[in-house]
Amino acid sequence: MTGAPGPDPLEQRALPPAVSLAPPHPAPPARRAAPARRRPPFVRVATPLLALLTVGTAVLLRAGTGPWAMLCGAATVTTGLGLLLSAVATRGFVTVTVRGASMAPAYRDGDRVLVRRGPGPSVVGQVVVAERPAKDGTWAAPPVRRTATAAEVHGRQWLIKRVAAVAGDPVPSAALPGTHVPDGGLVLLGDNRAVSFDSRDVGYFPTDRVLGTVRRRYPGASAVR
Numbered sequence: 001m002t003g004a005p006g007p008d009p010l011e012q013r014a015l016p017p018a019v020s021l022a023p024p025h026p027a028p029p030a031r032r033a034a035p036a037r038r039r040p041p042f043v044r045v046a047t048p049l050l051a052l053l054t055v056g057t058a059v060l061l062r063a064g065t066g067p068w069a070m071l072c073g074a075a076t077v078t079t080g081l082g083l084l085l086s087a088v089a090t091r092g093f094v095t096v097t098v099r100g101a102s103m104a105p106a107y108r109d110g111d112r113v114l115v116r117r118g119p120g121p122s123v124v125g126q127v128v129v130a131e132r133p134a135k136d137g138t139w140a141a142p143p144v145r146r147t148a149t150a151a152e153v154h155g156r157q158w159l160i161k162r163v164a165a166v167a168g169d170p171v172p173s174a175a176l177p178g179t180h181v182p183d184g185g186l187v188l189l190g191d192n193r194a195v196s197f198d199s200r201d202v203g204y205f206p207t208d209r210v211l212g213t214v215r216r217r218y219p220g221a222s223a224v225r
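Going by full-length UniProt numbering, the first residue of the sequence shown is number 1, and it counts up by one from there.
This is how it looks when you write it as structure tokens:
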């Protein structure tokens, strides 16, 4: 009696994890970083307070109570300056929520990180947030302006990756063109190579597509799981 041949034992061996740049492979679209849109606590409290002080100043001026009107007006100016300074400061930072496991174990799904905006000089080993390209390595819209509002930033898709090489560095693998990273380019890789959508898939990331550098993870994030 004869039967169908069984599977080749060699085919049942598990392949070792990738440790170098590999050929392109797609990634789930949900594996990205999502900028948060919540306003800072100071802004949420000070905005209605400023409106109340403005109305109070107008009422006191009409009533002819000069000293009280001046005091209320001074408080209004102080609150307004605080809001202005807060707006300037928050333009330089953005909170990003990590989606996916491409940066595990350093950053896990659900972690919230503070990102300092602006491309700046990238350093190998830094973790940055960069705009996600299409699978062919192109972007449909121009880079986000450095003065872009939170709504404009939220309207794009982002990736959180580690800088593996900067302009002038030797290319980490033959999977990318050339022998050295070109001017204005970065090699960005995920720590968890098996599930990461990065430079292995789309090539070099232009520096003007970098939103900013990760400064810290917020305490109590999901990394404790």
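Beta carbons are placed, not taken as given, at the ideal position from N, Cα and C, and that holds for glycine. Source: prediction; values computed, not measured.
For Val153, the secondary structure class from DSSP, reduced to helix, strand or coil, is helix. Between Pro172 and Val187, the gap from beta carbon to beta carbon is short of 9 Å. Three or more Cβ pairs closer than 8 Å define a contact, and the stretch 147-165 meets that threshold against the stretch 181-198. In this structure, the straight-line span from the alpha carbon of Ala104 to that of Val98 is close to 10 Å. Taken through DSSP and simplified to helix, strand or coil, Arg132 comes out as coil. Taking all protein chains shown into account, Asp136 has fewer than 16 neighbouring C-beta atoms within 10 Å of its C-beta and is therefore exposed. Within its own chain, the residues whose Cβ lies closer than 6 Å to the Cβ of Arg209, once the five positions on either side in sequence are excluded, are Ala130, Glu131 and Pro143, listed in chain order. Gly184 is not a Cβ neighbour of Thr213, given a cutoff of 9 Å. Leu114 sits close to Val94, with the two beta carbons spaced by under 9 Å. In this structure, Val195 sits near Ala101, with a CB-CB distance shorter than 9 Å.
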